[in-house]
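For reference, the structure is listed below as structure tokens.
There are 2 protein chains.
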Amino acid sequence: MAFDGDDTLWHNETRFNLTQSALRDLIRRHVPDADVDSELAEVEKRNLGLYGYGVKAFTLSMLETAIQVTKGRIPTADLEVILGWGKRMLGEPTELLDGVEDALRDAGSRYELLLITKGDLFDQESKLARSGLADMFSGIEILSEKNVETYRAVLRRRGIDPNEFVMVGNSLRSDIAPVVALGARGVHVPYPLTWAHEQVPEDSLPREGWHRLASITQLGALLETL
Amino acid sequence: MAFDGDDTLWHNETRFNLTQSALRDLIRRHVPDADVDSELAEVEKRNLGLYGYGVKAFTLSMLETAIQVTKGRIPTADLEVILGWGKRMLGEPTELLDGVEDALRDAGSRYELLLITKGDLFDQESKLARSGLADMFSGIEILSEKNVETYRAVLRRRGIDPNEFVMVGNSLRSDIAPVVALGARGVHVPYPLTWAHEQVPEDSLPREGWHRLASITQLGALLETL
Chain F
9 MAFDGDDTLW HNETRFNLTQ SALRDLIRRH VPDADVDSEL AEVEKRNLGL YGYGVKAFTL
69 SMLETAIQVT KGRIPTADLE VILGWGKRML GEPTELLDGV EDALRDAGSR YELLLITKGD
129 LFDQESKLAR SGLADMFSGI EILSEKNVET YRAVLRRRGI DPNEFVMVGN SLRSDIAPVV
189 ALGARGVHVP YPLTWAHEQV PEDSLPREGW HRLASITQLG ALLETL
Chain Y
9 MAFDGDDTLW HNETRFNLTQ SALRDLIRRH VPDADVDSEL AEVEKRNLGL YGYGVKAFTL
69 SMLETAIQVT KGRIPTADLE VILGWGKRML GEPTELLDGV EDALRDAGSR YELLLITKGD
129 LFDQESKLAR SGLADMFSGI EILSEKNVET YRAVLRRRGI DPNEFVMVGN SLRSDIAPVV
189 ALGARGVHVP YPLTWAHEQV PEDSLPREGW HRLASITQLG ALLETL
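Chains F and Y are the protein sequences, given in the same order. For the first sequence, our numbering gives the first residue as 9, with consecutive numbering after it. For the second sequence, our numbering gives the first residue as 9, with consecutive numbering after it.
Written out as structure tokens, the structure is:
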């Protein structure tokens, strides 16, 4: 049984959203009618193939967006502020979602637990260390992308039969769709915020092979029925 | 048998050095007597615990250095240039060192080969994909840091006896010292440039347990004698 990290075990999108909101204010001081969110989303999408995911990629894309939207008129002092936001995000404590520790302890008494996250290796390892949860997992996999191929490689490498594998996560695109395609089971626990890049239309998923919980605190009850 | 990637199989430090030299010129246009190399080294060292290794970390540290050394007087346009350097580095083709393909093919006929690199997950995977070498390895390990603990974890996870393990790499600190400490064997193939952070005094290493080659083309002959 495997768990995603960001927005499944600990808050993540919230810290990105707060920073993005500060970026909006900062840029609008120079270009009052700027559509910062759309511009940033476009820059991030364009950079995804070069930068991958994570706070460092986000910081570089924020800097680029600030320069692009203001046509280079943003002063150096403001760019220094953005650099500082990135550092603050990287150093923030890992804030667990409610009920995570109990849910993991309960699941760990029945299954062997893996953590399967994607994103920046260094940042993810650091967040896990600060979470205090590392000892609950028998293995950690940090992937640069979560798709059918990368999940298949993990299961093969670890000798796990997809029929006996359950993945718990907040992203339909990264945690549920690929494992269901492999014949494994998904448990979707939505987070209040979803990054635009992670959104998929729900009717693109098969009807079978996955469950949805309102909260990770309901996981124990679901496991009783599986 | 495992190989390091950066500066063992493909050129890496060279591209960092070229960019750093361009940064020196750029900053000195504003502060003619600036000691850019020392300032950058200090910023990188200070940021290592937050950023880890890799081009994105290097780019963020270059930006910070440029702002710091010029006391914020560097114009936004120059910072945009630095952002562009980072992107160029990330997109550059992976340039193999001489003799690497033959050496890997030869070693692969006798041993199972692993790639064990450290640094930015996304960038390392991308470089490996562009190198054309991925198929030669039966496994890939990208670590956030190479030390006794992380090597021990890899060997344990893969069920490899340290006595039967050989690590080939250019860094005494990251590729040789930790594996020799584990009772495995190291093969040091120096690269003409070594990042300051990777330098260790040679007499801090044990005398036994490792070999030095002038070039990876000599690996076959060494393997004959092991």
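Cβ atoms here follow ideal geometry from the backbone N, Cα and C, with glycine treated the same way.
For residue i, which residues from the same chain have a beta carbon less than 6 angstroms from its beta carbon, with the 5 sequence-adjacent residues on both sides left out?
i                      : result
residue 147 of chain F : 122
residue 237 of chain Y : Any property of residue 237 of chain Y remains undetermined from this structure, which presents chain Y solely from 9 to 234.
residue 182 of chain F : 154
residue 60 of chain F  : 152
residue 136 of chain Y : 142
residue 149 of chain F : 124, 162
Leaving out five residues before and five after residue i in sequence, what residues of the same chain have Cβ atoms less than 7 angstroms from its Cβ?
i                      : result
residue 97 of chain Y  : 23, 27, 63
residue 38 of chain F  : 78, 81, 82
residue 191 of chain Y : 170, 171
residue 119 of chain F : 9
residue 5 of chain Y   : Since the displayed chain Y opens at 9 and closes at 234, residue 5 of chain Y lies outside it and no answer follows.
residue 185 of chain Y : 208, 213
residue 160 of chain F : 190
residue 42 of chain F  : 35, 36, 77
residue 217 of chain Y : 188, 193, 194
Could you spell out the range, first to last residue, of the beta strand (DSSP E) harbouring residue i?
i                      : result
residue 120 of chain Y : Where residue 120 of chain Y is concerned, there is no enclosing beta strand (DSSP E), given that its DSSP letter is neither H nor E.
residue 195 of chain F : 193-196
residue 151 of chain Y : 147-151
What first and last residue would you give for the alpha helix (DSSP H) that runs through residue i?
i                      : result
residue 70 of chain F  : 63-77
residue 1 of chain Y   : With chain Y covering only 9 through 234, there is no way to say anything about residue 1 of chain Y.
residue 227 of chain F : 227-233
residue 100 of chain Y : Neither: residue 100 of chain Y is in no alpha helix (DSSP H) and is coded neither H nor E.
residue 157 of chain Y : 156-165
residue 186 of chain F : 185-189
residue 210 of chain F : Premise fails: residue 210 of chain F is in no alpha helix (DSSP H) and is neither H nor E.
residue 131 of chain F : 129-139
Just grab the DSSP bridge partners of residue i for me.
i                      : result
residue 176 of chain Y : Y:11, Y:195
residue 93 of chain F  : In DSSP, residue 93 of chain F forms no bridge with anything.
residue 203 of chain Y : DSSP, once it has assigned bridges, lists no residue as partnering residue 203 of chain Y.
residue 220 of chain F : F:196
Apart from the five residues on each side of it in sequence, which residues of its chain come closer than 8 angstroms, Cβ to Cβ, to residue i?
i                      : result
residue 103 of chain F : 18, 19
residue 131 of chain F : 62, 63, 64, 98
residue 45 of chain F  : 28, 32
residue 151 of chain Y : 124, 125, 126, 158, 162
residue 225 of chain Y : 106, 107, 110, 111
residue 219 of chain F : 193, 194, 195, 196, 230
residue 100 of chain Y : 23
residue 271 of chain F : The structure shown does not extend to residue 271 of chain F, since chain F is modelled only from 9 through 234, so no value can be given for it.
residue 221 of chain F : 195, 196, 197, 227, 230
residue 114 of chain Y : 227, 228, 231
Any heavy atom of the ligand FMN closer than 7 angstroms to the Cβ of residue i?
i                      : result
residue 104 of chain Y : Of the ligands one can find in the structure shown there are none, so the ligand FMN has no counterpart to examine.
So residue i and residue j are supposed to be a Cβ contact under 8 angstroms. How far apart are they, rounded?
i                      : j                      : result
residue 69 of chain Y  : residue 52 of chain Y  : 5 angstroms
residue 179 of chain F : residue 12 of chain F  : 7 angstroms
residue 94 of chain F  : residue 67 of chain F  : 3 angstroms
residue 227 of chain F : residue 188 of chain F : The pair is not a contact, with the Cβ atoms about 18 angstroms apart (cut-off 8 angstroms).
residue 55 of chain F  : residue 201 of chain F : Wrong, their Cβ atoms sit about 21 angstroms apart, outside the cutoff.
residue 84 of chain F  : residue 75 of chain Y  : 6 angstroms
residue 21 of chain Y  : residue 199 of chain Y : 6 angstroms
residue 128 of chain Y : residue 129 of chain F : 7 angstroms
With 7 angstroms as the C-beta to C-beta threshold (strictly closer), list the residues of the region 59-71 of chain Y near chain F in chain order.
-> Cβ contacts with chain F come from 59, 60, 64, 65, 67, 68, 71.
Residues of the region 141-154 of chain Y with a CB closer than 9 angstroms to any CB of chain F: list them in chain order, please.
-> Residues 147, 150, 151, 152, 153.
In chain order, what residues of the region 94-107 of chain Y put their CB closer than 8 angstroms to some CB of chain F?
-> With the criterion set as a beta carbon lying under 8 angstroms from some beta carbon of chain F, the members of the region 94-107 of chain Y are 94, 95, 98, 99, in sequence order.
Cβ-based contacts, 9 angstroms cut-off: residues of the region 37-50 of chain F near chain Y = For the region 37-50 of chain F, the beta-carbon criterion of a distance under 9 angstroms to any beta-carbon of chain Y is satisfied by none of its residues.
Cβ-based contacts, 8 angstroms cut-off: residues of the region 79-93 of chain Y near chain F = Within the region 79-93 of chain Y, the residues whose Cβ lies closer than 8 angstroms to some Cβ of chain F are 80, 81, 82, 83, 84, 85, 87, 88, 91, listed in chain order.
Contact set between the region 129-141 of chain F and chain Y, restricted to residues whose Cβ is under 9 angstroms from the partner = Look at the region 129-141 of chain F: the residues with a C-beta under 9 angstroms from a C-beta of chain Y are 129, 130, 131, 132, 133, 134.
Positions along the region 155-180 of chain F whose CB lies within less than 9 angstroms of some CB in chain Y = Answer set for the region 155-180 of chain F: 165.
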